[in-house]
Amino acid sequence: MTLRQFSREATSGAVTSLISLVYSLSFAAMIFSGSLSAGFSQGIGALLIGTGATALVVALFSVFRFAVSASDGNASAVMATMAAAVAAEAAARGDAAAAVPRVLYLLALSTFITGVCLAVLGRMRAGRWIRFIPFPVVGGLLAAAGALTIAGAVRVMAGMPLAGLWAPGFVRTAQFSQLVLGALWAGALVAALRHLRHALALPLMLLAGLLSFHLALWLAGMSPDQARAQGWLFAMPAQVQPWWPWSLQEIGRADWSFPFRNPGEVGTLVLITMLTILINATALEVESRVDADMDRELVLQGSANMLAPLLGGLLGYLSLSRSLMNQRLGGTTRVSGIAFAIVAFVLAWAGMGLIGYLPPALLGGLLAFFGVNILQRWVMQSRHQLPRAEYAALILIFAVTVLFGFGQGLAVGIVAGCVLFAVSYSRLRVIKYALSGREFRSSHERSAADKVLLAQHGDELRIFVLQGFIFFGMADRLYRSVLREAFPAQGAKARLLVFDMKLVHGVDASAVSSFRKIAFSAHAQGARLLITGMGDAERAKWAQGGDANLRAVTHFPDLDSAVEYCEDEILRTHGAAKASAAGAMRDWLQAEVGDASEALMTVMERLTPGPGTVLCRQGEPADVMYFVERGSVAIELSLPEGGVRRLRSLGPRTLLGEMGLYRAGRRSANVVVLSESVVYALRAAALEGLERTHPHIVARFHAMVVRTMSERLEFSNTLVAALQR
Numbered sequence: 000m001t002l003r004q005f006s007r008e009a010t011s012g013a014v015t016s017l018i019s020l021v022y023s024l025s026f027a028a029m030i031f032s033g034s035l036s037a038g039f040s041q042g043i044g045a046l047l048i049g050t051g052a053t054a055l056v057v058a059l060f061s062v063f064r065f066a067v068s069a070s071d072g073n074a075s076a077v078m079a080t081m082a083a084a085v086a087a088e089a090a091a092r093g094d095a096a097a098a099v100p101r102v103l104y105l106l107a108l109s110t111f112i113t114g115v116c117l118a119v120l121g122r123m124r125a126g127r128w129i130r131f132i133p134f135p136v137v138g139g140l141l142a143a144a145g146a147l148t149i150a151g152a153v154r155v156m157a158g159m160p161l162a163g164l165w166a167p168g169f170v171r172t173a174q175f176s177q178l179v180l181g182a183l184w185a186g187a188l189v190a191a192l193r194h195l196r197h198a199l200a201l202p203l204m205l206l207a208g209l210l211s212f213h214l215a216l217w218l219a220g221m222s223p224d225q226a227r228a229q230g231w232l233f234a235m236p237a238q239v240q241p242w243w244p245w246s247l248q249e250i251g252r253a254d255w256s257f258p259f260r261n262p263g264e265v266g267t268l269v270l271i272t273m274l275t276i277l278i279n280a281t282a283l284e285v286e287s288r289v290d291a292d293m294d295r296e297l298v299l300q301g302s303a304n305m306l307a308p309l310l311g312g313l314l315g316y317l318s319l320s321r322s323l324m325n326q327r328l329g330g331t332t333r334v335s336g337i338a339f340a341i342v343a344f345v346l347a348w349a350g351m352g353l354i355g356y357l358p359p360a361l362l363g364g365l366l367a368f369f370g371v372n373i374l375q376r377w378v379m380q381s382r383h384q385l386p387r388a389e390y391a392a393l394i395l396i397f398a399v400t401v402l403f404g405f406g407q408g409l410a411v412g413i414v415a416g417c418v419l420f421a422v423s424y425s426r427l428r429v430i431k432y433a434l435s436g437r438e439f440r441s442s443h444e445r446s447a448a449d450k451v452l453l454a455q456h457g458d459e460l461r462i463f464v465l466q467g468f469i470f471f472g473m474a475d476r477l478y479r480s481v482l483r484e485a486f487p488a489q490g491a492k493a494r495l496l497v498f499d500m501k502l503v504h505g506v507d508a509s510a511v512s513s514f515r516k517i518a519f520s521a522h523a524q525g526a527r528l529l530i531t532g533m534g535d536a537e538r539a540k541w542a543q544g545g546d547a548n549l550r551a552v553t554h555f556p557d558l559d560s561a562v563e564y565c566e567d568e569i570l571r572t573h574g575a576a577k578a579s580a581a582g583a584m585r586d587w588l589q590a591e592v593g594d595a596s597e598a599l600m601t602v603m604e605r606l607t608p609g610p611g612t613v614l615c616r617q618g619e620p621a622d623v624m625y626f627v628e629r630g631s632v633a634i635e636l637s638l639p640e641g642g643v644r645r646l647r648s649l650g651p652r653t654l655l656g657e658m659g660l661y662r663a664g665r666r667s668a669n670v671v672v673l674s675e676s677v678v679y680a681l682r683a684a685a686l687e688g689l690e691r692t693h694p695h696i697v698a699r700f701h702a703m704v705v706r707t708m709s710e711r712l713e714f715s716n717t718l719v720a721a722l723q724r
């Protein structure tokens with residue numbers, strides 16, 4: 000790196016750190032206001048030290064080389080709520096003097112707890128968990144942080160909580176004038192920065208506002224000391240030292256039980272910190288085109304926040320606005336982040352004198368600006384992005400948090416998230432596919448006569464492919480849908496109901512109860528239930544119910560075997576199975592090609608293979624096709640990793656191998672005999688010889704093959720149409 004590049008990097012980091020001083024001042028003013036104003040200077044130092052410590056760790060180890068870490072408004076709003084609660088407890092005990100050290104130790108302890116939680120979550124690979132937190136919960140909590148930031152801004156500008164604004168005569172006080180000035184300044188920031196997108200826009204406006212304020216004081220003939228006396232500037236003590244946490248006397252005055260008595264507040268601080276880190280890191284990924292390990296970033300941020308309170312610092316984490324500001328000012332390497340951290344440390348120890356020249360109205364207006372931006376993002380924009388139910392949940396969480404606190408808001412958010420999930424999930428189709436026997440067949444290839452019979456009586460078989468987790472929100476809808484499909488008021492009623500559970504992740508008691516009702520209704524209609532794909536644990540759960548109808552359910556390992564069983568039942572019921580099995584090859588060909596059957600029989604080779612015989616192997620030349628007269632064969636695919644997968648099985652009066660024969664290719668699968676069979680082989684050479692001597696016979700044979708393939712294609716089209724319903 001050249002000296003010029005080093006100077007540019009160091010300058011960008013230093014300028015960004017000076018701007019971060021104003022942020023820290025604003026957040027400290029929000030936390031240490033009212034009865035805690037005596038701790039304002041120590042709060043600023045603690046925030047700056049936390050900024051420096053976390054920024055140094057991020058600068059050294061983060062995947063984002065230009066990123067900086069600093070105090071942030073979302074977490075500061077939560078910390079301000081916690082600080083106000085401690086101050087109220089101290090006042091109730093008549094020990095207001097102890098409030099400031101108790102708040103500092105509370106915030107330091109909360110910072111350390113947050114750091115530990117972030118590191119543990121990162122180690123647990125929890126970075127992806129943000130995807131499972133409902134957007135209304137995130138939006139409601141962050142919107143509440145924006146509203147509380149505005150409330151904190153009012154306390155900074157007026158020097159009193161919101162309730163004090165309604166006191167008689169308030170409009171005639173100096174605090175009212177400061178509140179008006181701060182509100183005008185916030186409005187100017189909102190209006191100007193809506194159009195000005197440059198990185199220096201906010202710093203230059205802050206500088207212009209500060210110079211204009213001091214110019215107004217000079218024109219009014221008011222010195223800085225007089226302005227401090229009247230509250231127009233911050234009154235700072237003569238000697239300002241950063242807070243040091245290792246004083247035994249101060250440690251003894253701390254209230255270490257607060258985080259354990261108020262776990263909701265600390266939990267919300269951890270949650271909001273994690274969400275903000277992951278949201279900011281995701282935005283920096285887009286900006287820098289760098290793929291970040293979110294879990295590593297959580298561990299890094301957690302480690303930094305375990306270090307910060309040991310040095311007297313408070314919570315800091317990855318800052319999107321200041322990272323982008325650093326980048327746009329020229330910071331592209333770790334040097335700028337290190338410079339940012341060093342300047343933050345220097346300001347914490349030697350720059351406090353500058354604070355006495357800053358007006359509370361300008362800092363309060365800046366806080367209000369931050370709060371308005373947060374509300375606009377999470378309340379206004381979300382209104383156009385979310386369905387009404389989710390937006391209503393967001394507003395509910397927002398309102399509860401503002402009125403009652405982050406702990407209550409988080410509790411409502413958890414409940415609302417669960418309800419939204421249950422309602423949304425219950426709207427999903429638990430029945431992935433509802434098919435009849437006319438639309439879905441097993442992989443067992445049957446004769447043309449059997450296919451006609453199955454098509455005529457296919458409505459006797461109803462197949463329901465289920466999916467997801469079936470719980471109380473879906474169970475009753477499943478019951479009514481099955482009754483409507485299987486036993487319609489008009490039309491054929493089902494005799495066989497197949498439920499495929501392969502895609503079902505689990506069922507609750509309500510779902511089991513619905514299946515009992517389905518089984519009872521099926522029994523009343525003279526129908527049977529068959530279940531496929533159910534594990535042993537789920538089957539045991541069903542058996543525990545003691546319901547006779549559920550115990551009568553037949554279980555199959557997979558859908559194909561269940562459908563094949565049902566097809567056999569339909570054929571057996573309608574008396575066609577025996578006739579199909581007894582049909583001879585000559586009769587079959589006579590029905591298909593007429594008088595040409597005799598000539599075809601003369602060129603075919605009769606085979607009687609036993610079980611396990613391999614008629615042809617995958618990869619061999621496809622120079623023969625087979626006609627199954629009796630028995631059954633299977634088409635199996637050899638897998639690269641070893642083993643085989645059965646694709647189809649074929650029964651009497653079926654043919655196979657025709658595709659390979661016509662294409663003169665190689666076998667795409669093995670053909671294995673399953674039972675004692677009679678098979679006829681027609682070789683390519685024999686078919687070619689017959690075509691030369693008796694072309695009209697071969698033409699009839701080709702028509703027979705085309706009919707078979709057309710039937711298969713027609714059924715495939717029917718199945719595709721059914722699956723797209």
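Note that numbering that gives the first Met the number 0 has the sequence shown beginning at 0, numbered continuously upward.
The C-beta atom is built at its ideal place from N, Cα and C for all residues, glycine as well.
Scanning the stretch 497-576 from its first residue to its last, the whole beta strand (DSSP E) runs of 3-plus residues come out as 527-531 and 553-555. In the three-state reduction of the DSSP assignment, Asn669 falls in the strand class, which pools E and B. Residue environment analysis places Ala347 among the buried positions, since at least 16 neighbouring C-beta atoms fall within 10 angstroms of its C-beta. One Cα belongs to Pro244, the other to Asn304, and the distance between them is close to 15 Å. Under a 10 Å Cβ-count criterion, Ala583 is classified as exposed, with fewer than 16 other Cβ atoms of the shown protein chains found around its own Cβ. Assignment of alpha helix (DSSP H) within the stretch 604-686, counting only whole runs of 4 or more residues, yields 657-662 in chain order.
For Tyr316, the beta-bridge partners assigned by DSSP are Ala69. Excluding sequence positions up to five before and after Gly457, its CB lies within less than 6 Å of the CB of Ser435, Gly436 and Arg437, all in the same chain and listed in chain order.
Of the residues assessed, Ser68 falls on the buried side of the cut-off, its CB having 16 or more other CB atoms within 10 angstroms. The beta carbons of Ala415 and Pro135 sit closer together than 8 Å.
Between Trp184 and Glu88, the alpha-carbon positions lie close to 34 Å from each other. Exposure of Glu675 is indicated by the presence of fewer than 16 other C-beta atoms within 10 angstroms of its C-beta.
Around the beta carbon of His197, fewer than 16 other beta carbons lie within 10 angstroms, which makes this residue exposed.
In this structure, the beta-carbon distance from Ala454 to Leu419 does not fall below 8 Å.
Annotation: the continuous beta strand (DSSP E) that includes Leu460 extends over Leu460 to Ile469. Under the three-state reduction of DSSP, Ala433 is assigned to strand.
Look at the beta carbons and you see the stretch 247-256 not touching the stretch 60-75: under three pairs across the two are nearer than 8 Å.
Counting only the Cα atoms, Asn279 lies some 12 Å from Ser287. According to the DSSP assignment, Met600 belongs to the alpha helix (DSSP H) that extends over Ala595 to Thr601. The stretch 494-505 makes contact with the stretch 556-563: 3 or more CB pairs, one atom from each, lie closer than 8 Å. For Gly38, the closest alpha carbon among the candidates Ala13, Ala82, Leu673 and Ala52 is that of Ala82.
Taking the C-beta atoms as reference points, Leu362 is found no nearer than 8 Å to Leu17. Three or more beta-carbon pairs separated by less than 8 Å are not found between the stretch 224-234 and the stretch 366-377, which leaves the two stretches without contact. In this structure, Leu395 lies away from Val378, with their beta-carbon atoms at least 8 Å apart. DSSP places Glu438 outside both helix and strand once states are collapsed to three, so it counts as coil. Looking at the backbone, the Cα of Leu232 and that of Leu365 are separated by about 15 Å. For the options Thr332, Leu108 and Ser335, the alpha carbon positioned closest to that of Glu264 is the one of Leu108. Just measuring C-alpha positions, the residue of Ala142, Ala590, Phe514 and Ile112 sitting nearest Arg382 is Ala142. Using a C-beta cut-off of 8 Å, the stretch 483-491 makes contact with the stretch 514-533, since at least three inter-stretch Cβ pairs fall below that distance. The bridge partners DSSP lists for His443 are Ser648.
Around the beta-carbon of Val170, fewer than 16 other beta-carbon atoms lie within 10 Å, marking it exposed. Residue state for Leu195 is assigned as coil, using DSSP reduced to three classes. Bridge partners of Leu495 according to DSSP: Leu460 and Arg527. Judged by beta-carbon spacing, Leu313 lies beyond the 8 Å limit of Gln300, meaning their Cβ atoms are not closer than that value. Put simply, the backbone Cα of Ala536 is about 47 Å away from that of Pro620. The DSSP assignment places no complete run of the beta strand (DSSP E) inside the stretch 11-77 (cut-off: 3 residues).
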